[in-house]
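What follows is a single structure, written as structure tokens, with notes after it.
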Amino acid sequence: MCGIRIEAEGSRVTRISGDDDDPLSRGYICPKAAALKELHEDPDRLRTPMRRSGSEWKAISWEAAFDEVAERMHRIQADHGRDAMGFYIGNPVAHNTGLLLMGPMFLRLVRTKNRFSATSVDQLPHMLTAFWMFGHQLLMPIPDVDRTDYFLVLGANPLASNGSLMSAPGMRHRLEALRARGGKVVVIDPRRTETAAAADRHLFVRPGTDALLLAALLREVLEGGAKMGRLADFTDGLSALRGAVAPFDVQLAAHHTGIAAEEIRTLARELLSARSAAVYGRVGTSMHAFGGICQWLINALNIVTGNLDRPGGVMFPLPALDPLTLPRGVGLGRGSFGRFKSRVRGLPEFGGELPVAALAEDILTEGDGRIRGLLTLAGNPVLSTPNGKQVDKALASLDFMVSVDPYLNETTRHAHVILPPPTPLERSHYDVVFHLLAVRNTARYGAPLFPKPEGAFHDWQILLELGERIEAHRDGKKKLGTRLKYAALQRLGVEGMLELGLRVGPYGVRKGLGGVSLKKLRSTDHGLDFGPLQPALPGRLFHRDKRVQLAPKGMVDDLPRLVAAFPRPSATISNEERKSLLLVGRRHTRDNNSWMHNLPKLVAGKPRCTLMVHPEDARALGLEAAKEVWVASRVGEIRVPMVLTDEVMPGVVSLPHGYGHDRGGVRMKVAAEHAGASINDLTDELALDALCGTAAFSGVPVTLRAAL
Ligand SMILES: Nc1nc2c(c(=O)[nH]1)N[C@H]1C(S)=C(S)[C@@H](COP(=O)(O)OP(=O)(O)OC[C@H]3O[C@@H](n4cnc5c(=O)[nH]c(N)nc54)[C@H](O)[C@@H]3O)O[C@H]1N2
Ligand SMILES: Nc1nc2c(c(=O)[nH]1)N[C@H]1C(S)=C(S)[C@@H](COP(=O)(O)OP(=O)(O)OC[C@H]3O[C@@H](n4cnc5c(=O)[nH]c(N)nc54)[C@H](O)[C@@H]3O)O[C@H]1N2
Ligand SMILES: [Mo]
């Protein structure tokens with residue numbers, strides 16, 4: 006989302022810098038964008054399709070690769086039923102214009118229930134909450150950080166991540182500006198993060214307990230007097246919400262969270278008295294055993310303090326290409342929940358997908374409907390989903406696997422065929438998703454810097470090639486209608502889809518609002534600025550009655566689970582519980598989940614895959630002198646360097662995710678030299694938000710011993 010300037014001589018990039026005139030990023034650029042040159046030139050990046058037999062890889066032609074993959078996918082479904090073919094879709098899809106606009110068609114064509122993605126190790130609780138409260142899974146309120154007077158951040162470190170479900174390049178400047186205008190930033194996190202260090206106040210919270218804090222805060226705020234303002238006209242469920250949070254008093258919350266009762270009362274007072282306020286929770290409150298409840302209560306807090314849909318509060322962006330109002334069949338749809346269940350454990354569907362924590366067991370467990378073939382698209386589930394060792398084992402057992410991916414990495418080494426797309430500099434770019442999540446309404450189109458190499462296929466073209474062939478297999482031959490459909494889609498292309506999307510969008514030519522077309526976007530060097538976020542309710546609500554549901558039944562019904570998990574202070578905590586440490590994750594500006602560690606610029610310097618341990622804990626365990634430790638959980642054990650620091654709360658240890666590149670068969674030379682270990686060899690596929698199946702990465706119980 007950063008506007009960048011790239012200078013090139015011929016086919017060589019000479020300089021990458023931030024664009025001062027970009028209306029959103031205002032000159033800011035993060036290290037990952039600066040590394041695009043290294044990504045483009047990476048000698049380990051695959052340039053042609055690769056085919057594996059045993060452990061031998063051979064380059065093959067695109068035609069041969071498409072034919073083989075389509076045939077194998079078709080055969081698996083014909084022999085074993087549709088659901089025998091599964092998908093895993095990874096995070097870079099959200100940044101890939103072509104896949105976002107053309108991918109859904111292909112996924113629908115394959116017609117399997119076994120669709121998995123990174124959503125269920127990330128933002129699923131946010132989407133479920135949006136679906137239930139506002140009627141659309143993508144209608145997520147975004148903090149109006151550039152105008153707020155009070156910013157309460159839970160489980161997010163935007164100084165490292167640049168904001169998430171809050172695209173906000175250059176957060177350091179934005180927070181400085183917030184404080185310079187007299188506003189306040191409070192961070193609640195088990196680690197004193199970069200963001201916490203730049204805030205007015207930081208409170209340690211015991212991992213996994215935020216839901217109690219939020220419920221108690223809500224109860225306090227409601228006792229202080231809800232002030233919903235105009236929201237009251239179209240909001241239902243205030244008394245149900247009152248009843249729902251009644252059991253959660255500040256003493257209970259203080260006991261389990263480690264945040265003093267008086268601190269909680271102060272937070273409630275500040276929220277009520279601030280001119281405007283935004284409560285924001287991200288992955289630390291989403292990859293969480295009570296992720297759904299957390300996201301619900303955060304929205305509820307913003308609503309009962311009158312801060313939803315008003316400047317300085319949390320607001321709904323209005324992008325030029327609006328994913329919410331795209332025609333059926335192109336867009337994602339409003340959402341769905343629990344229409345079907347995963348085969349082995351019965352985990353619920355959301356938005357047509359199953360929780361990825363079920364992927365390995367649904368491959369490994371014998372029986373009808375077992376997954377036998379898998380397509381991974383821009384994903385690395387071996388490193389990014391719980392119990393990665395088990396995922397490894399499952400992928401190795403598949404009859405057939407194909408990966409659309411530029412690297413031979415921890416996941417794709419299990420594929421029989423890898424289909425590599427060209428680089429980001431060889432394709433156009435428009436942020437279909439992130440303009441919907443950004444703190445300001447802007448639009449930017451980037452044309453490809455370099456032409457796509459002769460004979461190469463974009464991600465979306467790869468899917469179209471496969472789709473056409475699979476349809477031909479099903480029909481028994483190539484039908485004229487099918488041929489024409491695919492020819493038309495190829496011709497329309499990403500630019501054609503974009504143009505259509507912009508024209509039917511809220512600033513489109515027909516709406517007389519200055520008229521946004523692709524031509525106009527192309528003609529601006531720095532993108533278009535539509536200004537700060539604007540109030541949008543009740544018009545933008547998707548429930549048929551155009552009302553906000555403050556206390557969705559599914560959420561209220563989940564509260565007894567929270568009550569049961571955190572007994573009253575009188576109950577004793579077992580010795581076992583006291584002894585184990587709670588593991589949390591962290592991000593660094595130079596990491597990008599699991600896949601950019603092959604770029605020398607991003608891995609230079611001190612190793613970052615280290616376990617942060619509080620000195621008191623190290624002393625209590627007799628580990629002060631250890632340089633490296635073994636960390637063990639229910640599912641596995643890894644060895645990592647240890648760093649003693651009071652940056653983490655006593656009882657908590659912190660380790661980044663996305664490392665563990667020493668698995669055999671990976672062809673990423675630089676990454677292998679900076680291998681680290683994978684946190685997801687410790688995370689537990691059985692530890693979930695029981696409501697929606699999102700992996701509960703916050704607070705995995707672990708034990709430590711010195712590595713000799
Ligand atoms: N313990 C723990 N686990 C986590 C997290 C955590 O905080 N803690 N974070 C979670 C989160 S938020 C997320 S989003 C997931 C991410 O999980 P994934 O999406 O599974 O993993 P990534 O590391 O993003 O891997 C992306 C893959 O896409 C490939 N790729 C990159 N660009 C392209 C492209 O343009 N086209 C194609 N076809 N492929 C491409 C890369 O080579 C890589 O194989 O991880 C989750 N896992
Ligand atoms: N540089 C960089 N930027 C990224 C990414 C990246 O890998 N690198 N990944 C991108 C992706 S896919 C995503 S989803 C976003 C995520 O963006 P953020 O949500 O900002 O992610 P993190 O930096 O992991 O911050 C999560 C914080 O939650 C804290 N935490 C853990 N458990 C708990 C808990 O129980 N309660 C509370 N209150 N806090 C807890 C952790 O200590 C950590 O500081 O970042 C995006 N941006
Ligand atoms: Mo993510």
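For what it's worth, our numbering labels the leading residue of the sequence shown as 6, then goes sequentially. Where is the CB? At the ideal position from N, CA and C, for every residue including glycine.
C-alpha gap between residue i and residue j, whole angstroms
i, j, result
"Phe535", "Ala282", "23 Å"
"Gly242", "Gly175", "38 Å"
"Phe439", "Leu329", "13 Å"
"Ala711", "Pro612", "19 Å"
"Lys232", "Gly559", "25 Å"
"Gly311", "Gly663", "39 Å"
"Arg177", "Gly336", "34 Å"
"Arg196", "Pro386", "26 Å"
"Gly297", "Gly669", "37 Å"
"Phe345", "Ala273", "40 Å"
"Cys3", "Glu181", "Residue numbering for the chain in the displayed model covers 6 to 713; residue 3 lies beyond these limits and cannot be assessed."
"Arg57", "Tyr93", "20 Å"
"Gly168", "Leu442", "10 Å"
"Leu454", "Thr102", "15 Å"
"Leu306", "Leu223", "6 Å"
"Gly378", "Ala83", "12 Å"
Contacts around residue i, its chain only, beta-carbon distance under 8 Å, and the 5 residues preceding and following it disregarded
i, result
"Asp314", "Pro146, Leu236, Met320, Phe321, Pro540, Ala541 and Leu542"
"Ala631", "Ala623, Met647, Ala711 and Ala712"
"Arg87", "Val115, Arg116, Thr117 and Lys118"
"Ile303", "Leu159, Leu219, Val284, Tyr285, Gly286 and Thr290"
"Gly656", "Arg211, Leu586, Leu587, His619 and Asp622"
6 Å Cβ shell around residue i - same chain, five flanking residues per side excluded
i, result
"Arg77", "Phe405"
"Lys37", "Asn597"
"Ile193", "Leu159, Leu208 and Val210"
"Thr447", "Pro28, Leu29, Gly532 and Asp534"
"Ser408", "Thr381, Thr417, Ala420 and Ile423"
"Leu503", "Tyr435 and Leu523"
"Arg280", "Asp154"
"Leu696", "Gly297 and Asp563"
"Lys606", "Ala40 and Glu43"
Proximity test, residue i beta-carbon vs ligand 1 heavy atom, cut-off 7 Å
i, result
"Met292", "yes"
"Thr688", "yes"
"Tyr412", "yes"
"Met215", "The residue you asked about is not Met; residue 215 is Asp in the sequence shown. No, ligand 1 has no heavy atom inside 7 Å of this Cβ."
"Asp127", "yes"
"Ala231", "no"
"Gly641", "no"
Cutoff 7 Å; reference residue i; Cβ partners in own chain excluding five residues on either side
i, result
"Pro706", "Ser585, Leu587 and Ser638"
"Arg753", "Coverage of the chain is limited to positions 6 through 713, which leaves residue 753 absent and any answer about it impossible."
"Thr594", "Cys35, Pro36 and Ala165"
"Leu41", "Ile21, Pro429 and Leu430"
heavy atom of ligand 3 below 7 Å from residue i C-beta
i, result
"Asp27", "no"
"Ala123", "yes"
"Asn96", "yes"
Residue i beta carbon near ligand 2 (any heavy atom closer than 7 Å)
i, result
"Ile2", "Missing from the structure shown is residue 2; the chain here goes from 6 to 713 and no further."
"Leu272", "no"
"His593", "yes"
"Arg348", "no"
"Arg287", "yes"
"Asp24", "no"
"Pro360", "no"
"Val210", "yes"
Min CB distance residue i to chain D below 8 Å
i, result
"Ser575", "The structure shown has no chain D; it contains just one protein chain."
- Task: Ignoring anything shorter than 4 residues or poking outside the stretch 9-87, list the alpha helix (DSSP H) runs there in chain order.
- Result: 36-39, 41-46 and 67-85
- Message: For a minimum of 3 consecutive residues, which ranges assigned as the beta strand (DSSP E) are wholly contained in the stretch 433-475?
- Response: 445-448
- Message: My parser needs the alpha helix (DSSP H) runs of 4 or more residues fully inside the stretch 228-291; what are they?
- Response: 243-250, 255-262 and 266-278
- Task: Only counting runs of 4 or more residues, tell me where the alpha helix (DSSP H) segments fall wholly within the stretch 674-710, in order along the chain.
- Result: 674-678
- Item | In chain order, each beta strand (DSSP E) run of at least 3 residues that lies wholly inside the stretch 558-632 | 586-591 and 616-618
- Item | Runs of alpha helix (DSSP H) wholly within the stretch 344-375 (minimum 4 residues, chain order) | 364-369
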